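Residue numbers for the sequence shown follow our numbering, so the first one is 2 and each next one is one higher.
Glycine included, every Cβ here is placed at the ideal spot set by N, Cα and C.
Source: prediction; values computed, not measured.
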Amino acid sequence: MKSKVVLSVFILFLLGGCNVLGQKDISEMDPADLPDVIAFQDDFTREFMSSLDEVEEGYYLFESKTDGYTMMYPDNAKMDEIFYEMPGDNYEGIQYGESEETNDYQYGVRATYNEGGRASDFNTLKGVFSARTGYEGDYESIEYDEKSIHFATSEYVDQSGEINSHNFFGIVMSNHSDQAVSMRYNVINDGNRKIDLNNIEDEVMRILESIEFNSGE
Numbered sequence: 002m003k004s005k006v007v008l009s010v011f012i013l014f015l016l017g018g019c020n021v022l023g024q025k026d027i028s029e030m031d032p033a034d035l036p037d038v039i040a041f042q043d044d045f046t047r048e049f050m051s052s053l054d055e056v057e058e059g060y061y062l063f064e065s066k067t068d069g070y071t072m073m074y075p076d077n078a079k080m081d082e083i084f085y086e087m088p089g090d091n092y093e094g095i096q097y098g099e100s101e102e103t104n105d106y107q108y109g110v111r112a113t114y115n116e117g118g119r120a121s122d123f124n125t126l127k128g129v130f131s132a133r134t135g136y137e138g139d140y141e142s143i144e145y146d147e148k149s150i151h152f153a154t155s156e157y158v159d160q161s162g163e164i165n166s167h168n169f170f171g172i173v174m175s176n177h178s179d180q181a182v183s184m185r186y187n188v189i190n191d192g193n194r195k196i197d198l199n200n201i202e203d204e205v206m207r208i209l210e211s212i213e214f215n216s217g218e
């Protein structure tokens, strides 16, 4: 009996070690052993990938370096290291995007994570977000058990009346802690390709809905 207990503990240790390797040491693995997509082949982007398994087709699990939240991340999106910000565990700013070389349309995403008092105040978050994006319109609010999503869309029209870009805005707030993620998803309209805005909106909503906050408990 004692030998069986020792063997069981040893097996659990091995399994735990494998999990740690898969979840925490991906950035140190040989790129040849990783999925052949930008999320893993780009050195900086790879630092945020939490698992080698897709969460759904075309998406992997992103984990904030603050340990504050996770979300779905497109497999061929590249993180922009120049615009990365993390002055402390209560704030992080990320920027990523994709060109028409790997996607049907060109887009860029800017997302910020906040933890603390202002992260629980929608009006405060909306004001800060408005200062960064220029959007001052209304939001549609959707309530879930664990979080609330405030969503809006807008277009940027140039002086000639042409639509240059489509913007999707999301403010995701935890219902149980002072944590929030604000996201702007910007789609470039070059006029050469037909863009299915309904499908893009559905995709943005799936990403927002996938955000899970870590309570730290």
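For the options Ser100, Tyr114, His177, Thr134, the alpha carbon positioned closest to that of glutamate 144 is the one of His177. Shown here for threonine 46: same chain residues with a beta carbon closer than 6 Å to its own, the five before and five after excluded, namely Ala40, Lys79, Met80 in chain order. With fewer than 16 other CB atoms across the displayed protein chains lying within 10 angstroms of its CB, valine 158 is exposed. If only uninterrupted alpha helix (DSSP H) runs of at least 4 residues are considered, those enclosed by the region 48-135 are 123-134. In the DSSP annotation of this structure, the continuous segment of the beta strand (DSSP E) that includes asparagine 187 starts and ends at 180-189. Distance from the CA of methionine 30 to the CA of glutamate 163, rounded to the nearest whole angstrom, comes to 46 Å.
Burial check for isoleucine 212: the Cβ neighbour count within 10 Å reaches 16 or more, so the residue is buried. If you compare the alpha carbons of Arg185, Ala33, Ser65, Gly59 with that of glycine 135, the shortest gap goes to Arg185. Collapsing the DSSP output to three states places serine 161 in coil. Beta-bridge partners of alanine 33 (DSSP): none assigned. In terms of Cβ geometry, glutamate 210 and serine 175 do not form a close pair [threshold 8 Å]. Annotated three-state conformation of serine 216 is coil, per DSSP.
A direct Cα-Cα distance of roughly 31 Å separates glutamine 107 from asparagine 215. The C-beta distance from phenylalanine 63 to tyrosine 74 rounds to 4 Å, short enough to fall under 8 Å. For phenylalanine 152, the pairing in a beta bridge is given by DSSP as Glu141, Gly171. Here the alpha carbons of alanine 132 and asparagine 104 stand approximately 30 Å from one another.
If you draw a straight line from the Cα of proline 88 to the Cα of valine 173, it is about 21 Å long. As computed with DSSP, serine 166 is found in a beta bridge with Tyr157, Ile189. Counting along the chain, aspartate 203 sits inside the alpha helix (DSSP H) bounded by residues 198-211.
Assigned with DSSP and collapsed to three states, aspartate 44 falls in helix. Relative to aspartate 191, the option among Glu101, Ala153, Gly59 whose CA is nearest is Glu101.
Within 10 angstroms of the beta-carbon of alanine 181 lie 16 or more other beta-carbons, which makes it buried.
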